[in-house]
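For the sequence shown, full-length UniProt numbering gives the first residue as 1, with consecutive numbering after it.
Even for Gly, the Cβ is constructed at its ideal location relative to N, Cα and C.
Okay, so here's the structure we're looking at.
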Amino acid sequence: MAMGGNNNEGRVGDDDNVILNPEFDSGLDGWSGSGCKIELHDSLDDGKVLPATGKYFVAATGRTDTWNGVMQDVTARLQRKTAYEVAATVRLSGASSVSPCEVRATLAVQTADGRQQYISVGKLQASDKDWAQLQGKFLLNSTVAKATIYIEGPKAGVDLLLDCLLVKHAQKAPPCSPPDFQNLEYGANIIENSNLDDGLNCWFPLGPCALAVRDGSPRVLPPMAQESLALDDEPLNGKHIHVTNRTQTWMGPAQIITDKLTLHATYQVSAWVRVAGQMSGAQNINIAVAVDSQWVNGGQVLARDERWYEIGGSFRVEAKPASRVMVYVQGPDAGLDLMVAGFQIFPVDRKARVKHLRKLTDKVRKRDVVVKLTAADGAVLQAAECVEVRVRQVSNSFPLGACIMRTNMDNEDFVDFFTKHFNWAVFGNELKWYWTEPQRGQVSYADADDLLKLCSDNGMCVRGHCIFWEVDNMVQQWVKTLSTDDLSAAVKSRIDGLLTRYKGKFRHYDVNNEMLHGSFYQDKLGKDIRATMFKTASELDPDALLFVNDYNVEGMCDIRATPEAYIEQIIGLQEQGAPVSGVGLQGHVSNPVGPVIRNVLDRLAVLGLPLWFTELDVSAENEYVRADDLEVMLREAYAHPAVEGVMLWGFWELFMSRDSAHLVNAEGDINEAGRRLLQLKKEWLTHAHGQADENGEFKFRGHHGAYHVDVVMPTGCKITQEFTVDKDDSPMVLNINV
């Protein structure tokens with residue numbers, strides 16, 4: 001097995017295993033069936049199915065539902081705030097051939113205060129062909145009254161086999177090292193013969209299409225590439241690849257770049273693209289990167305006519321050096337010609353952009369302050385230059401928040417990090433309709449109430465996420481079965497109940513989540529329902545800012561979620577009278593590139609509405625790369641005048657929606673990404689120290705937020721004052737009478 005045990009015999013060690021009788025050496029002692037029978041076997045199917053490790057395995061038979069399976073009570077053997085790793089060797093069986101099914105490990109927990117929780121530990125697709133190992137990890141935040149682990153999941157009628165189950169204290173991941181970019185030439189285009197001076201050398205057609213070199217393309221680099229490379233009006237030669245005889249959407253120009261890539265480096269992708277021919281509608285153009293058998297999206301654009309379009313994106317090879325990497329341009333309908341010019345793929349120097357962003361930050365997030373010292377009679381203070389002034393910023397007022405769930409409240413280490421380092425909060429699930437009313441008429445706001453009290457007690461502002469969710473598979477089943485009239489009544493009851501109960505408690509609401517990607521309510525209740533939701537919310541809680549909220553807009557990788565599509569949707573809502581007062585960018589990003597992010601923010605800023613990153617997370621296996629990704633996003637947001645807040649979609653391992661995205665590991669150790677966050681927070685606090693001038697003035701430029709100032713007189717007497725630097729273009733004058 002991969003985890004624990006005697007490697008020579010493939011058996012687990014019982015000394016540190018939470019599971020009793022893990023390989024069934026003592027029969028079925030400690031085990032039972034969950035809604036079904038379990039049987040002990042040493043073989044099945046005339047000896048074709050044998051144990052994977054020990055002498056026996058167990059079969060869960062007579063299963064009539066997916067939750068039926070094998071279970072063991074582990075109540076007395078688990079400790080809170082301890083990370084456990086799980087490995088289960090599983091297989092399927094049936095009277096006839098069984099199609100692959102999902103097998104899950106689930107931990108059911110009843111807390112000391114009676115709350116029931118179901119923790120998803122891990123899952124995999126299992127088959128009846130061979131044994132497979134399901135792996136996962138979990139952590140208990142609370143003291144538990146009862147804990148049971150289940151192996152479950154396949155459809156009814158399929159027998160579930162379990163050979164061995166291991167649950168043990170998780171080993172901490174070995175420390176990783178920063179990637180070695182010493183020999184990386186930032187900004188160097190890895191595309192050979194990009195300018196086509198050597199004809200089609202290094203290029204080849206993907207599929208039986210035809211490539212030719214022609215003139216008539218743009219003679220400057222695309223703007224996003226210009227900004228990354230710090231080049232103004234870099235000339236191109238006007239040549240482009242013209243692709244004809246395209247009989248499939250995937251056909252286009254291609255090039256092999258395998259040997260040009262450095263592991264963990266972030267590559268920006270940029271090109272001019274165009275389509276020609278009888279277009280039946282807007283055309284998706286995509287730069288694809290085939291890394292061995294994996295397809296990576298290098299950027300997408302929607303071409304609505306025959307103009308040249310800028311396409312931009314990014315990618316990274318992370319896990320291991322690839323044996324073959326091919327980049328190609330594809331997407332338009334068969335029969336249309338495709339043109340590509342100025343194709344660039346280059347490694348991005350993220351540190352070089354930091355200097356530029358600091359200058360922007362100085363303009364956007366700071367203000368000039370004059371501490372003016374006067375005598376008791378208001379006259380200029382004599383010998384003021386002997387007075388010492390010490391200014392210390394206590395907190396930055398820029399909203400920087402994080403996601404929290406009810407279960408996290410029971411872990412005091414989580415709560416300490418959360419309340420110490422963030423000033424805003426959003427609930428992961430606890431305000432969503434499927435959580436507050438999972439069954440019709442069974443409404444409970446208990447979890448949301450608990451979280452709201454925690455945030456209120458710690459002076460944190462809270463976003464309300466979300467009133468409705470437009471994506472079909474995020475709508476609870478009972479809502480889907482309602483008639484049109486009943487659904488309309490249920491929608492009214494939901495919004496009335498939620499916003500009346502919490503009037504004035506939530507500063508923002510995401511009114512109808514992910515309307516670019518779903519249309520459940522619009523399909524059922526008509527095109528006016530979305531605007532009606534906004535109008536009703538505004539009437540019920542006039543002080544709350546009402547947001548649209550969607551994903552992939554910031555990444556230039558989803559034709560359903562282009563900045564233009566988002567703008568069109570928002571303007572459409574406003575024309576229907578919807579009081580949209582904020583734009584939410586979820587920010588579930590991968591390998592972000594600053595100029596690409598900035599470009600999207602600039603385009604959305606024309607709306608004149610506050611922009612927020614509402615669910616920011618970045619995912620990278622190497623924590624130093626993850627830290628760089630996080631820094632890119634936070635710096636770009638903080639340096640943009642239209643961005644008014646950032647919410648992280650979690651920070652604690654095992655309580656995030658993406659793997660390799662955490663800033664703090666399960667047992668509370670801060671990793672490099674977490675340290676980078678704290679470094680940025682420290683950088684964005686202003687401290688100033690010096691003497692007043694002959695006019696009794698001490699001047700500095702500081703970040704917006706709360707400050708403490710000490711004025712120390714020559715006699716040693718100290719005068720202390722608290723003050724706040726608000727956003728304003730004019731200097732702030734702080735008068736202190738000494």
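Integer-rounded CB distance, given that residue j should sit under 8 Å from residue i
{"i": "leucine 607", "j": "valine 643", "result": "13 Å between Cβ atoms; not a contact."}
{"i": "leucine 196", "j": "isoleucine 241", "result": "7 Å"}
{"i": "cysteine 176", "j": "glutamate 192", "result": "That belief does not hold up - the Cβ atoms of cysteine 176 and glutamate 192 are roughly 33 Å apart, past 8 Å."}
{"i": "leucine 525", "j": "serine 488", "result": "6 Å"}
{"i": "aspartate 128", "j": "leucine 92", "result": "4 Å"}
{"i": "glutamate 636", "j": "leucine 357", "result": "7 Å"}
{"i": "methionine 409", "j": "leucine 452", "result": "That belief does not hold up - the Cβ atoms of methionine 409 and leucine 452 are roughly 11 Å apart, past 8 Å."}
{"i": "arginine 658", "j": "histidine 708", "result": "That belief does not hold up - the Cβ atoms of arginine 658 and histidine 708 are roughly 38 Å apart, past 8 Å."}
Chain-order list of residues whose beta-carbon lies under 8 Å from that of residue i (same chain, five-residue window excluded)
{"i": "isoleucine 38", "result": "Leu28, Trp31, Ser32, Val58, Ala59, Ala60, Thr61 and Val70"}
{"i": "alanine 605", "result": "Leu611, His640, Pro641 and Ala642"}
{"i": "glycine 696", "result": "Lys372, Leu373, Thr374, Val380, Leu381, Ala384 and Val387"}
{"i": "alanine 2", "result": "With a pLDDT of 31 at alanine 2, under the threshold of 50, the predicted position of this residue should be treated as unreliable, though the coordinate-derived value follows. Excluding positions up to five away in sequence, the list reads Ala87, Gln133 and Gln135."}
Within 9 Å, strictly: CB atoms of residue i and residue j
{"i": "isoleucine 467", "j": "valine 511", "result": "yes"}
{"i": "valine 329", "j": "alanine 271", "result": "yes"}
{"i": "leucine 611", "j": "methionine 647", "result": "no"}
{"i": "tyrosine 566", "j": "valine 548", "result": "yes"}
{"i": "proline 714", "j": "alanine 448", "result": "no"}
{"i": "glutamine 79", "j": "leucine 140", "result": "yes"}
{"i": "glycine 114", "j": "alanine 145", "result": "yes"}
{"i": "threonine 53", "j": "glutamate 85", "result": "no"}
{"i": "asparagine 735", "j": "threonine 419", "result": "no"}
{"i": "glutamine 393", "j": "leucine 677", "result": "no"}
{"i": "glycine 650", "j": "alanine 402", "result": "yes"}
{"i": "glutamine 344", "j": "glutamine 268", "result": "yes"}
{"i": "leucine 44", "j": "valine 90", "result": "no"}
{"i": "alanine 225", "j": "glycine 122", "result": "no"}
{"i": "arginine 214", "j": "leucine 336", "result": "no"}
{"i": "lysine 55", "j": "aspartate 25", "result": "yes"}
{"i": "valine 618", "j": "phenylalanine 417", "result": "no"}
Nonlocal neighbours in the same chain, by C-beta distance under 6 Å from residue i, ignoring five residues either side
{"i": "proline 731", "result": "Asp368 and Val370"}
{"i": "aspartate 16", "result": "Lys168"}
{"i": "arginine 463", "result": "Val426 and His508"}
{"i": "valine 309", "result": "Before going further, note that residue 309 is tyrosine rather than valine in the sequence given. Here the set comprises Val273, Val301 and Ala303."}
{"i": "alanine 254", "result": "Phe204, Leu206, Met326 and Tyr328"}
Burial state of residue i (16 or more Cβ within 10 Å)
{"i": "alanine 531", "result": "buried"}
{"i": "lysine 172", "result": "exposed"}
{"i": "asparagine 286", "result": "buried"}
{"i": "lysine 239", "result": "buried"}
{"i": "asparagine 552", "result": "buried"}
{"i": "glutamate 437", "result": "buried"}
{"i": "asparagine 237", "result": "exposed"}
{"i": "valine 733", "result": "exposed"}
{"i": "tyrosine 118", "result": "exposed"}
Residue i versus residue j: straight-line alpha-carbon distance, rounded
{"i": "glutamate 568", "j": "leucine 431", "result": "28 Å"}
{"i": "valine 471", "j": "aspartate 550", "result": "11 Å"}
{"i": "leucine 165", "j": "alanine 147", "result": "16 Å"}
{"i": "lysine 727", "j": "alanine 639", "result": "14 Å"}
{"i": "proline 223", "j": "valine 348", "result": "15 Å"}
{"i": "alanine 265", "j": "glutamate 631", "result": "15 Å"}
{"i": "glycine 35", "j": "alanine 95", "result": "20 Å"}
{"i": "aspartate 292", "j": "phenylalanine 534", "result": "47 Å"}
{"i": "alanine 88", "j": "serine 660", "result": "22 Å"}
{"i": "residue 765", "j": "threonine 244", "result": "For residue 765 there is no data in the structure shown, the boundaries of the chain being 1 and 738."}
{"i": "arginine 675", "j": "valine 389", "result": "31 Å"}
{"i": "alanine 666", "j": "valine 415", "result": "13 Å"}
{"i": "asparagine 411", "j": "threonine 484", "result": "43 Å"}
{"i": "serine 217", "j": "asparagine 473", "result": "44 Å"}
{"i": "valine 725", "j": "glycine 441", "result": "48 Å"}
{"i": "glutamine 110", "j": "glutamine 477", "result": "25 Å"}
{"i": "methionine 279", "j": "alanine 334", "result": "10 Å"}
{"i": "alanine 156", "j": "aspartate 259", "result": "49 Å"}
Neighbourhood of residue i by C-beta distance below 7 Å, restricted to the same chain and skipping five residues each side
{"i": "glutamate 623", "result": "Cys176, Asn671, Glu672 and Ala673"}
{"i": "serine 519", "result": "Glu470"}
{"i": "histidine 465", "result": "Val426, Phe427, Leu431 and Asp510"}
{"i": "histidine 703", "result": "Arg365, Lys366, Gln393, Asn396, Trp684, Leu685 and Thr686"}
{"i": "alanine 126", "result": "Val90, Arg91, Leu92, Pro100, Cys101, Val103 and Ala132"}
{"i": "valine 289", "result": "Val296, Gly298, Phe315, Val325 and Val327"}
Beta carbon proximity, residue i to chain C, threshold 9 Å
{"i": "cysteine 466", "result": "The structure shown contains no chain C, having only a single protein chain."}
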